[in-house]
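Taking this note's numbering as reference, the numbering of the sequence shown is continuous, increasing by one, and the terminal residue is 216. Backbone N, C-alpha and C define an ideal beta-carbon position, used for all residues, glycine too. See below for the structure under consideration.
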Amino acid sequence: LSTLHVSHSGTIKSIQFNKPGSHFLVISTDRIIRVFKTFPNPPNSSSSSSSSSSNSSSSSSSSSNSSSSSVFPLPKLEKEFSDVVNKTHWKKCCFSYDNDYIIGGSATKAQHNIYIWNRMYGSLQKILEGPKEGIMDLCWHPVRSIIASVSLAGVIYIWATNATENWSAFAPDFKELEENEEYKEREDEFDVGEKEGGRKEG
Numbered sequence: 015l016s017t018l019h020v021s022h023s024g025t026i027k028s029i030q031f032n033k034p035g036s037h038f039l040v041i042s043t044d045r046i047i048r049v050f051k052t053f054p055n056p057p058n059s060s061s062s063s064s065s066s067s068s069n070s071s072s073s074s075s076s077s078s079n080s081s082s083s084s085v086f087p088l089p090k091l092e093k094e095f096s097d098v099v100n101k102t103h104w105k106k107c108c109f110s111y112d113n114d115y116i117i118g119g120s121a122t123k124a125q126h127n128i129y130i131w132n133r134m135y136g137s138l139q140k141i142l143e144g145p146k147e148g149i150m151d152l153c154w155h156p157v158r159s160i161i162a163s164v165s166l167a168g169v170i171y172i173w174a175t176n177a178t179e180n181w182s183a184f185a186p187d188f189k190e191l192e193e194n195e196e197y198k199e200r201e202d203e204f205d206v207g208e209k210e211g212g213r214k215e216g
């Protein structure tokens, strides 16, 4: 059994792992969201049991604690996220589907604000402002850039970006039309075969 002290000035409210299990988030009452990096090496139970059995009963507890920390390293604090301006308390947080972003839902009852940070650089990317209803829960879609949040009134809100199609990127002379237009074809506009045949004969 290994222990990890997270905060000196607050208690832990929630904890959540990302999908690969490489990181986990911790929300505490000190208004800080902390990201910890875990270590992939599993604990070696055989070595810890042999080391504890070889020592006396008085020193077995200390040796087991040291062996557990050496065999299974404690998670390392990677980043801290907070609202330094408004000192917001957090209701829920989670990772994005690709683990590149961290989202946190405000615990204020009259706000439905979702903060999005870049996990690698720790910068605040965007604040999604919803209706004046508190957040009960939120989650990120497993494979898409979609966020779902639940308000205190029991309403589910879906946050997504509108994908706009830009066909002009495929052809420089392409013109997008707002509505259908009648096009009159020239008599010889698409007579490619006849033009090539005429060139060969000439």
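Contact check, residue i vs residue j, beta carbons under 9 angstroms
i	j	result
F95	G118	yes
L39	F53	no
L218	I128	A question about residue 218 goes unanswered here, because the residues of the chain that appear run from 15 up to 216.
H37	F109	yes
T43	K27	yes
I41	C107	yes
E136	K101	Before going further, note that residue 136 is Gly rather than Glu in the sequence given. Taking 9 angstroms as the Cβ cut-off, G136 and K101 do not qualify as a contacting pair.
L48	S23	Correcting the residue type first, residue 48 is Arg in the shown sequence and not Leu. Against a cut-off of 9 angstroms, the Cβ pair of S23 and R48 comes out as no contact.
Local conformation of residue i per DSSP, three classes
i	result
Q125	coil
D44	coil
K101	coil
V20	coil
L191	coil
L15	coil
S137	coil
S61	For S61, the predicted structure reports a pLDDT of 45, less than 50, and the residue's modelled location is therefore unreliable. A value from the coordinates is still provided. In this structure, S61 counts as helix in the three-state DSSP scheme.
F109	strand
K9	Limits of the chain in this structure are 15 at one end and 216 at the other, which puts residue 9 out of reach.
K27	strand
S120	strand
L39	strand
S78	Residue placement at S78 is flagged as unreliable, the pLDDT there being 44, under the threshold of 50; the coordinate-derived value follows with that caveat. Helix, per DSSP.
Presumed contact (8 angstroms Cβ cut-off) between residue i and residue j, rounded CB distance
i	j	result
M134	D112	In fact, because the Cβ distance is near 11 angstroms, the residues do not count as touching under 8 angstroms.
G148	T175	About 24 angstroms separates the two Cβ atoms, so there is no contact after all.
H126	R45	Rounded, the Cβ-Cβ distance is 18 angstroms, inconsistent with contact.
K146	A124	5 angstroms
L138	W131	6 angstroms
S163	W173	7 angstroms
Counterpart residues of residue i in DSSP-defined beta bridges
i	result
E219	Residue 219 is absent from the structure shown; the chain starts at 15 and stops at 216.
Y115	N132
V164	D151 and I170
L91	F50
F204	In DSSP, F204 forms no bridge with anything.
C-beta neighbour in chain D for residue i, strict 9 angstroms
i	result
C108	Absent here is chain D; the protein component of the structure consists of one chain.
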